[in-house]
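Using my numbering, the first residue of the sequence shown is number 2, and each one after it goes up by one.
Step one of this worksheet: look at the structure below.
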Amino acid sequence: MTSQVSSPAEQADGTVVGEQRTAAGAKDVRRLDRVIIRFAGDSGDGMQLTGDRFTSETASFGNDLSTLPNFPAEIRAPAGTLPGVSSFQLHFADHDILTPGDAPNVLVAMNPAALKANVGDLPRGAEIIVNTDEFTRRAMAKVGYDTSPLEDGSLDGYQVHPVPLTTLTLEALKESGLPRRDAERSKNMFALGLLSWMYHRPTEGTERFLRAKFAKKPDIAAANIAAFRAGWNFGETTEDFAVSYEVAPAATAFPPGTYRNISGNLALAYGLVAASRQADLPLFLGSYPITPASDILHELSKHKNFGVRTFQAEDEIAGIGAALGAAFGGSLAVTTTSGPGVALKSETIGLAVSLELPLLVVDIQRGGPSTGLPTKTEQADLLQAMYGRNGEAPVPVVAPRTPADCFDAALEAARIALAYRTPVFLLSDGYLANGSEPWRIPELEELPDLAVQFAQGPNHTTADGAEVFWPYKRDPHTLARPWAIPGTPGLEHRIGGIEKQDGTGNISYDPANHDFMVRTRQAKVDGIDVPDLQVDDPDGARTLVLGWGSTYGPITAAVRRIRKEGGRIAQAHLRHLNPFPRNLGEVLRGYDTVVVPEMNLGQLATLIRAKYLVDARSYNQVNGMPFKAEQLAAALKEAIDD
2 MTSQVSSPAE QADGTVVGEQ RTAAGAKDVR RLDRVIIRFA GDSGDGMQLT GDRFTSETAS
62 FGNDLSTLPN FPAEIRAPAG TLPGVSSFQL HFADHDILTP GDAPNVLVAM NPAALKANVG
122 DLPRGAEIIV NTDEFTRRAM AKVGYDTSPL EDGSLDGYQV HPVPLTTLTL EALKESGLPR
182 RDAERSKNMF ALGLLSWMYH RPTEGTERFL RAKFAKKPDI AAANIAAFRA GWNFGETTED
242 FAVSYEVAPA ATAFPPGTYR NISGNLALAY GLVAASRQAD LPLFLGSYPI TPASDILHEL
302 SKHKNFGVRT FQAEDEIAGI GAALGAAFGG SLAVTTTSGP GVALKSETIG LAVSLELPLL
362 VVDIQRGGPS TGLPTKTEQA DLLQAMYGRN GEAPVPVVAP RTPADCFDAA LEAARIALAY
422 RTPVFLLSDG YLANGSEPWR IPELEELPDL AVQFAQGPNH TTADGAEVFW PYKRDPHTLA
482 RPWAIPGTPG LEHRIGGIEK QDGTGNISYD PANHDFMVRT RQAKVDGIDV PDLQVDDPDG
542 ARTLVLGWGS TYGPITAAVR RIRKEGGRIA QAHLRHLNPF PRNLGEVLRG YDTVVVPEMN
602 LGQLATLIRA KYLVDARSYN QVNGMPFKAE QLAAALKEAI DD
């Protein structure tokens with residue numbers, strides 16, 4: 002879905018500030034500035050699809066939005082159990098927002114497990130839409146309910162809407178001819194229709210989607226559309242929903258342009274394709290499927306028309322080996338993985354450092370160690386990216402800050418890899434990969450020129466006057482070695498993992514040469530041209546909050562809250578983690594207190610302390626979920642007051 006926005010503005014992320022009522026037939030319409038909705042149910046109830054469709058219609062309507070999918074690692078966790086609960090949270094607003102929201106205003110609970118797993122996150126007064134058909138004695142006992150929470154008064158602090166979703170769906174589909182079990186599966190579309198009525202979401206896009214998705218099964222498509230319409234009509238006619246809500250488009254929240262909703266993995270895939278086109282190089286992806294990186298492989302496999310080749314290897318080592326071979330052959334080479342796969346790829350990454358070939362290593366971080374938490378987010382691979390290889394093997398590290406920023410981060414990682422002839426780590430994470438937000442589609446002229454000049458002939462004259470090709474003769478500015486396509490006449494050269502002689506590339510065990518080559522490779526990375534760190538400090542604060550990666554949204558939302566209450570705090574966010582921006586030390590020394598929030602146990606803070614001798618304070622969380630803005634704001638207030 003795309004939408005047009007015509008004027009720029011920026012507003013603070015905040016709470017609902019007011020409501021206006023206008024008559025709409027027999028029912029009222031209230032205007033809100035933002036809403037947080039969470040769909041929750043069994044992992045087989047289609048909550049991710051429901052959330053995706055509501056998000057798509059919200060994007061087409063023109064709201065700013067941010068999403069947080071949350072689902073089990075198992076393909077099909079035990080039905081009706083707490084570990085099997087899948088949820089999708091959407092925060093949408095008429096102004097600029099940064100996070101999926103701290104606490105839902107509305108919870109759609111498809112069964113007792115969904116209610117129990119999520120009710121603790123709700124503020125008092127929140128609305129709960131409950132599928133009463135699933136609240137059987139057996140289902141409630143499975144999650145530890147001795148009595149029905151719908152009857153024992155435990156939900157008295159909330160606005161509870163008991164809706165027999167299953168019964169109503171079966172009634173709507175009684176003429177469809179579908180077996181009962183198949184008809185029941187449409188109850189998520191009934192819920193989507195009801196929520197679409199409540200928040201005045203467009204419906205045409207969802208109906209088109211359902212027709213396309215089930216084009217080969219028209220009876221299933223018709224059933225889902227009928228359930229969707231029945232949910233809408235139920236909201237319109239039932240007395241239990243006396244009010245619907247409007248959240249106006251965020252028409253003044255963005256620069257002018259054409260926007261679409263995009264997830265981090267999709268944006269990253271598009272960024273890789275754009276980088277290959279801007280470099281005029283074929284794109285090669287060597288990958289082994291792993292959560293949460295697999296979507297990039299799936300997406301890139303669709304774009305053969307852009308010169309993209311995807312290779313699903315038998316394991317992680319084969320995937321990166323093929324990618325490095327493609328780099329040797331002149332492609333923009335990429336391998337995608339998550340933390341466990343990085344460990345397996347480490348030897349080949351070291352080989353890429355030695356060969357000095359461009360290679361993008363995309364790490365979509367997840368909870369660890371080992372296989373850890375496959376579907377939960379974490380930022381704990383930073384030190385692995387920095388140092389997780391044998392010997393001195395420096396690798397540049399780039400990290401996107403939002404789902405849409407994954408597009409630009411992919412272009413930046415490609416720029417560094419191609420210009421400096423080095424593998425580059427791109428550190429995204431599960432929160433960015435699966436989350437989504439509006440993205441302004443860039444104009445072609447806004448994209449960087451990544452054109453590459455391959456070696457064409459001899460580049461060195463020996464003492465006897467002969468013209469030869471030296472594969473390790475370096476560019477004086479970037480220290481990059483020439484990139485020679487195999488088979489080019491006169492450019493035959495030797496590569497491999499054993500140390501190279503400076504210039505010639507011949508095998509060398511000479512101690513002085515090894516020392517020189519190690520220092521040269523380090524100097525090449527240290528000398529990479531990265532922009533200075535920008536600091537947001539409008540009030541001359543004494544406390545700086547420094548972040549990296551996906552903590553950008555929660556940190557920025559927390560900073561806005563503090564400033565709105567009169568507090569003074571500065572904010573800076575790192576995209577380049579190796580090398581650091583050249584002005585980072587100066588920035589850090591300009592503040593009395595530096596706080597570094599991370600979804601790990603303090604990895605960036607450790608690097609900051611070691612390099613700049615600054616007593617950076619860590620604020621850490623490793624529970625598989627992103628920070629909440631309120632939680633961060635409280636911690637930052639303490640730092641300001643100290």
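We treat Cβ as the ideally placed atom computed from N, Cα and C, and that holds for glycine.
- The beta carbon of residue 503 lies closer than 7 Å to those of 473, 514, 517 and 518 in the same chain, with the five residues before and after it left out.
- Within the same chain, Cβ atoms closer than 8 Å to the Cβ of residue 66 are found at 56, 59, 60, 91, 92, 93, 94, 98, 262, 437, 438 and 439, the five residues on either side in sequence being excluded.
- The criterion of a C-beta distance shorter than 8 Å is not satisfied by residue 511 and residue 543.
- In this structure, the beta-carbon distance from residue 82 to residue 143 falls below 8 Å.
- In the DSSP assignment, residue 500 is bridged to no other residue.
- Residue 350 carries a helical assignment under DSSP once its states are collapsed to helix, strand and coil.
- Collapsing the DSSP output to three states places residue 279 in a helix.
- Nearest in C-alpha terms to residue 615, of all of 590, 237 and 213, is 590.
- The C-alpha of residue 393 is placed about 58 Å away from the C-alpha of residue 201.
- One thing to note: residue 302 has its Cβ no nearer than 8 Å to the Cβ of residue 341.
- With contact defined as three or more Cβ pairs closer than 8 Å, the region 529 to 549 and the region 355 to 372 are not in contact.
- Between the alpha carbons of residue 131 and residue 153 lies a gap of roughly 15 Å.
- Around the beta carbon of residue 388, fewer than 16 other beta carbons sit within 10 angstroms, so the residue counts as exposed.
- In the DSSP annotation of this structure, the continuous segment of the alpha helix (DSSP H) that includes residue 143 starts and ends at 138 to 143.
- In this structure, the straight-line span from the alpha carbon of residue 642 to that of residue 599 is close to 21 Å.
- Beta-bridge partners assigned by DSSP to residue 439: 262.
- Close CB contacts of residue 125 within its chain, under the 8 Å cut and outside five residues either way in sequence, are with 158 and 159 (chain order).
- For residue 416 and residue 453, the gap between their C-alpha atoms comes out near 10 Å.
- The three-state reading of DSSP puts residue 255 in coil, since its state is none of H, G, I, E or B.
- Scanning 487, 501, 418 and 448 for the CA closest to the CA of residue 479 turns up 418.
- Within the region 197 to 243, the complete alpha helix (DSSP H) segments at least 4 residues long are 205 to 214 and 219 to 238, listed from N- to C-terminus.
- With a cutoff of 8 Å on beta-carbon distance, residue 235 and residue 199 are scored as not near each other.
- In this structure, DSSP gives residue 530 a state outside helix and strand, which the three-state scheme calls coil.
- If you draw a straight line from the Cα of residue 579 to the Cα of residue 639, it is about 30 Å long.
- Your pair residue 626 and residue 377 checks out as a contact, with CB atoms roughly 7 Å apart and the cut at 8 Å.
- In its chain, beyond the 5 residues on either side, 276, 279, 280, 415, 416 and 419 have a beta carbon closer than 7 Å to the beta carbon of residue 451.
- Boundaries of the alpha helix (DSSP H) around residue 408: 406 to 421.
- When beta bridges are read from the DSSP output, residue 92 appears opposite 37 and 67.
- With fewer than three CB-CB distances shorter than 8 Å, the region 320 to 336 does not count as touching the region 464 to 471.
- The DSSP assignment places 585 to 590 and 604 to 613 as complete runs of the alpha helix (DSSP H) inside the region 560 to 641, in order along the chain (cut-off: 4 residues).
- In this structure, residue 410 lies away from residue 398, with their beta-carbon atoms at least 8 Å apart.
- Residue 619 and residue 610 have their alpha carbons spaced roughly 11 Å apart.
- Sequence-distant partners of residue 119 (beyond 5 residues in either direction) whose C-beta falls short of 8 Å from its own C-beta, in its chain, are 39, 41, 86, 88, 105, 108 and 110.
- A residue is called buried once 16 or more other Cβ atoms fall within 10 Å of its Cβ, and residue 424 is buried on that count.
- Residue 381 is not a Cβ neighbour of residue 596, given a cutoff of 8 Å.
- Between the region 218 to 237 and the region 181 to 198 there are three or more C-beta pairs closer than 8 Å, enough to call the two in contact.
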